[in-house]
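Colleague: Chains A and B, in that order, give the protein sequences. Residue numbers for the first sequence follow the working numbering, so the first one is 37 and each next one is one higher. Residue numbers for the second sequence follow the working numbering, so the first one is 7 and each next one is one higher. Quick reminder that beta carbons are idealized off the backbone N, C-alpha and C, glycines included. Please read through the structure below; I'll follow up with questions.
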Amino acid sequence: MSLTREDVTYVANLARLEFTPDEVTALIDKMGAVLDYAETLSELDTSTVKATEHVLAVQNVFREDVPKPCLSNEQALANAPESEAGCFKVPRVME
Amino acid sequence: MELSKKTIHEINDLLDKKEVTVTEVTQSVVNRIDAVENSTAAYLSLQTEEALIAARAVDEKLRERKRRTPLEGIPYGLKDNMCTQGILTTCASKMLYNFNPPYNAHVYDRLIDEGGILLGKTNMDEFAMGSSTENSAYKITHNPWDLNKVPGGSSGGSAVAVAADTAFYTLGSDTGGSIRQPASFCGVVGMKPTYGLVSRYGLVAFASSLDQIGPLTKDVEDCALVLNAIIGHDAKDSTSLKLEKKDYTQNLKQGVKGLKIGVAQAFFGEGLQPEVRKSLEEAIEVYKALGAEIVDVSFQHLDYALSAYYMISSAEASSNLARYDGIRYGYRAEEYDGLVDLYKKTRSQGFGDEVKRRIMLGTYALSSGYYDAYYKKAMQVRTLIKEDFEQVFGGCDVLLTPTAPTTAFGIGEKTSNPLEMYLTDIYTVPVNIAGIPGISIPSGLDNSGMPIGMQLLGPILSEENLLKVAWAFENEKGLKNLKAPLETEV
C-alpha cells in the first residue's frame, strides 16, 4: 500500500505535528517502508487469537484512599514555561 | 592496575580490607573521565565535584562502621531518562533541555539508599528511540573499541561508560534491546530483567508495556550485585511484581552441569555476520564441555516479531509522548498563534526526526480504519510469539542466541535508512514482546577486534539461572579481562 500526502497531513494534525513539503515527501518514503515491512503481519491468520496487551496478568492495583503528601504548587509549576497566580499559563482558548 | 579498571566486586574486596578509600576509588574514576570522556562522550552531564564530596562523606562514616551494602561508595552512571531531582533529565531531547524533575526515579532512590555515588547522566538516543545513540539531540557517543563506530543504542552512553571505565556500572533501559545491543557492541554485560521486576517509576515512558530498567556492568558477578539492589516491589508502579527480595549472587557459581541450553535456527539465519556465528558455535562447545546439554528448539512466528514490535512500540510512544505540549514543563516554541499552534510548533521544533517518525507511525497505526490491520494485529501476533517462547522453554532451560546480527557498525552508516537501523534489533525485540529476561555477555572479538555479544534468554523470572549460565561461560573464557584499547595519551 502507498501513503498519500493527504494521509501524512491528516495523521500529522492528529499528532499535533507539522511538516514542510520536503519533510512530507521524506515521511511518505520512510514511514511507507516500515508499513510495507509490517504488511507481512497480514500473512498470519489471527482470527482466533486473543490480543496480548500486557505480558503479565496485571490487575487493577488499588490502595486505601488515604491522603499523602504530594508536590507543592510551587514544585508543580517550577518547570512551567509560563505561570501566573499559581496556575499554568496558556494562550487564550476562547474568544 | 588503576582502580577505575577494576570490577565492583574487586573494589569491594579492597574496601572491606581497608586497602583503599572510597575517595581514592572515586578519584580514580574522575581521573579516567578527565582522560577519556573527550574521546568517548558517554555522558550528557557530569557531577564529579559532588561525587568526590559524597565519597569523602562515605569515608567519614566508614571510620565508625562497616560498609552496609556492596554498592556503598561505588561510583555509577544513570541513563538520562531516569528522573533525578535537582539534576537535569533531558532524554537527550531538545524537548526536555531544561527539565529538572520534581521527584526521583525509584531506581535512583534505591541507589541513594545503597550509598551509591552518582557520577553523571549518560547519553542515549532521543527518548530511547534508536539503536546507535546517533539520535541524541546533543552529542555523538563513540565506541571505545573503535572511535569511528557507534556504541549501539539506545543506552549507548551507559554501555560506553562501563566499557571505558568511566563508571563501575550504569543503569540503562531496554524497550527492544536498548541495554543488550549496546552491551554487545561495547563488550560489556547488560541485562534486561523480566517485565515488572524493576520499578519503572520515574523512567520517562517510551512504550510502557515493553520498557524495563536493567544494569550494564563489567562482568556477570557485578550484574548480580546491581540487580540485587534495584529489584523489589514499588507501590508507585502498578505493574511492579510483588516478590520476595532475592540474592542473585548466591547460586551464581554453581555451574551448568545437567542444564538444557536451547539453540534455534531462527536466530542463526540470513544477515548474521559469519564471525558472530563462529563465536557462538565456539560458545556452544564451551557449554558442552562444561556439562550442559545442547538441544535444538524451533519457533514458528519469530519472523514477525520485528514488525509487531515497531507497531506496538510506536503506538504506545505516540500516546506517551502526547504529554509534551509546551505547557507544564520542557521546551515551548517562541512564536505561535493560539493554543493548537503552540502545541504544533512546540512539538515540531522540540522533537527530532526519528521521534517524530515514530509518533507518526504510531498515530497512523492507532487511527480509525488502520487500528485492526496494524495495532490489533500486532497485539495478536504478540500472543503467538509469547506462546512460541513458552513452548520453547518447555524443552530447554535457557536459549542461546546472538545479541545482534553484527558487531558495531560505523557512525553514519545506517542513519539514512530507518528500516536498516531497526533490523539491528531483530534478535532482541522478541524478548520484550514476551516480557522474559535476557542477558548479553561478550563471547569474543571479530576480525577487526570489535566485541561480539552472546544473548541468553530464559522464561519469566529466570534471572538467577541466566546469571549462572552467563557466569559459567565468562569464568571459562576469561573475556571479562578484555579491555577496550582506548588511547588515553593524547
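(1) Counting pairs of beta carbons, one from the region 149-165 of chain B and one from the region 16-29 of chain B, are three or more of them closer than 8 Å?
(2) With DSSP collapsed to three states, give me the class of T434/B.
(3) Would you please verify whether the beta carbon of F305/B is less than 8 Å from any beta carbon of chain A?
(4) So, are the CB atoms of I458/B and E281/B less than 8 Å apart?
(5) Mind checking M524/B: buried by the 16 CB within 10 Å criterion, or exposed?
(6) Taking only beta-carbon positions, decide if K104/A is within less than 8 Å of chain B.
(7) Using a cut-off of 8 Å between C-beta atoms, extract the partners of E54/A located in chain B.
(8) Please classify S422/B: is it buried, with 16 or more other beta-carbons within 10 angstroms of its beta-carbon, or exposed?
(9) Below 8 Å on C-beta distance, what does N115/A contact in chain B?
(10) Who are the Cβ neighbours of L429/B in its own chain at under 8 Å, not counting the five residues just before and after it?
(11) For Y144/B, name the three-state secondary structure that DSSP assigns.
(12) Applying the criterion that 16 or more other CB atoms from any shown protein chain within 10 Å of the CB defines a buried residue, is V387/B buried or exposed?
(13) Using the beta-carbon of each residue, which ones in chain A are nearer than 7 Å to E373/B?
(14) Smallest Cα separation from A47/B: which of I80/B, A169/B, V113/B?
(15) Find the nearest neighbour of H112/B within the set K100/B, R206/B, L390/B, judged by alpha-carbon distance.
(16) For N4/B, which residues of its own chain have a beta-carbon under 7 Å away from its beta-carbon, when the five flanking residues on both sides are left out?
(17) Using a Cβ-Cβ distance cut-off of 8 Å, determine whether P127/A contacts chain B.
(18) Measuring only between beta-carbons, confirm whether A47/B sits less than 8 Å from chain A.
(19) Tell me, please, whether the region 35-55 of chain B touches the region 162-180 of chain B by the rule of three or more beta-carbon pairs shorter than 8 Å.
(20) Name, in chain order, the residues that DSSP records as bridge partners for G459/B.
(21) Taking buried to mean at least 16 other C-beta atoms within 10 Å of its own C-beta, is C123/A buried or exposed?
(22) Going by C-alpha to C-alpha distance, which of C402/B, S354/B, T434/B, S34/B sits closest to V60/A?
(23) Report the neighbours of E89/A on chain B: residues whose CB is nearer than 8 Å to its CB, in chain order.
(24) Pairing CB atoms from the region 316-336 of chain B with CB atoms from the region 289-307 of chain B, are three or more of them under 8 Å?
(25) For Y49/B, name the three-state secondary structure that DSSP assigns.
(26) So what's V91/A in DSSP terms, helix, strand or just coil?
(27) Short of 7 Å Cβ to Cβ, which residues in the region 53-74 of chain A face chain B?
(28) Take K86/A as the anchor and find which of M456/B, M385/B, H239/B has the nearest alpha-carbon.
(29) Between T82/A and chain B, is any beta-carbon pair separated by less than 8 Å?
(30) Can you give the Cα-Cα distance for Y315/B and I219/B, rounded to whole angstroms?
(31) Check whether chain B comes within 8 Å of T76/A, counting only Cβ atoms and requiring the distance to be less than that.
(32) Measure the C-alpha to C-alpha separation of A48/A and Y342/B and round it to an integer number of angstroms.
(33) Within 8 Å of any Cβ in chain B, is that where the Cβ of R41/A sits?
(34) At the level of alpha carbons, what is the spacing between L462/B and L249/B?
(35) Quick check on I466/B: does DSSP put it in helix, strand or coil?
(36) Of all Cβ atoms in chain A, is any one closer than 8 Å to the Cβ of Y433/B?
Modeller: In terms of the structure at hand:
(1) Between the region 149-165 of chain B and the region 16-29 of chain B, the count of Cβ pairs shorter than 8 Å is below three; the stretches do not touch.
(2) Reduced to three states, the DSSP call for T434/B is coil.
(3) Not one chain A Cβ lies under 8 Å of F305/B.
(4) It is a contact, given that the beta carbons lie within the stated cut-off.
(5) Outside the modelled stretch of chain B, which goes from 7 to 496, sits residue 524/B, for which no answer is possible.
(6) Not one chain B Cβ lies under 8 Å of K104/A.
(7) Correct list: K350, K351, S354.
(8) The Cβ neighbour count for S422/B, taken over all protein chains shown within 10 Å, is under 16; the residue is labelled exposed.
(9) In chain order: N104, F105, N106, P108, R334, Y335, G336.
(10) Close CB contacts of L429/B within its chain, under the 8 Å cut and outside five residues either way in sequence, are with G277, L312, P411 (chain order).
(11) If DSSP states are grouped into helix, strand and coil, Y144/B belongs with coil.
(12) With 16 or more other Cβ atoms within 10 Å, it is buried.
(13) Per the sequence shown, residue 373/B should be read as Ser rather than Glu. Residues of chain A passing the Cβ test: V47, L50.
(14) Nearest C-alpha to A47/B among I80/B, A169/B, V113/B: A169/B.
(15) In this structure, R206/B is the residue among K100/B, R206/B, L390/B with its C-alpha nearest to the C-alpha of H112/B.
(16) Chain B is shown only over 7 to 496; residue 4/B falls outside these bounds and no answer can be derived.
(17) Interface residue, yes.
(18) At a cut-off of 8 Å between beta carbons, A47/B makes no contact with chain A.
(19) The answer is yes - the region 162-180 of chain B touches the region 35-55 of chain B, with three or more Cβ pairs under 8 Å.
(20) DSSP output for G459/B lists P448/B as bridge partner(s).
(21) C123/A is exposed by the Cβ-count criterion.
(22) Comparing Cα-Cα distances from V60/A to each of C402/B, S354/B, T434/B, S34/B, the minimum goes to S354/B.
(23) Result: S215, M385.
(24) Taking 8 Å as the limit for Cβ pairs, the verdict is that the region 289-307 of chain B does not touch the region 316-336 of chain B.
(25) Here Y49/B sits in strand by DSSP.
(26) Three-state result, V91/A: coil.
(27) Hits within the stretch, in order: L53, E54, L63, K66, M67, A69, V70, Y73, A74.
(28) From the listed residues M456/B, M385/B, H239/B, the smallest Cα separation to K86/A is found for M385/B.
(29) Yes, T82/A counts as interfacial toward chain B.
(30) Looking at the two C-alpha atoms, the distance is approximately 18 Å.
(31) Output row for T76/A: interface = yes.
(32) So the alpha carbons of these two residues sit roughly 17 Å apart.
(33) So, not an interface residue.
(34) Taking the CA atoms as reference points, L462/B sits about 23 Å from L249/B.
(35) Coil.
(36) So, not an interface residue.
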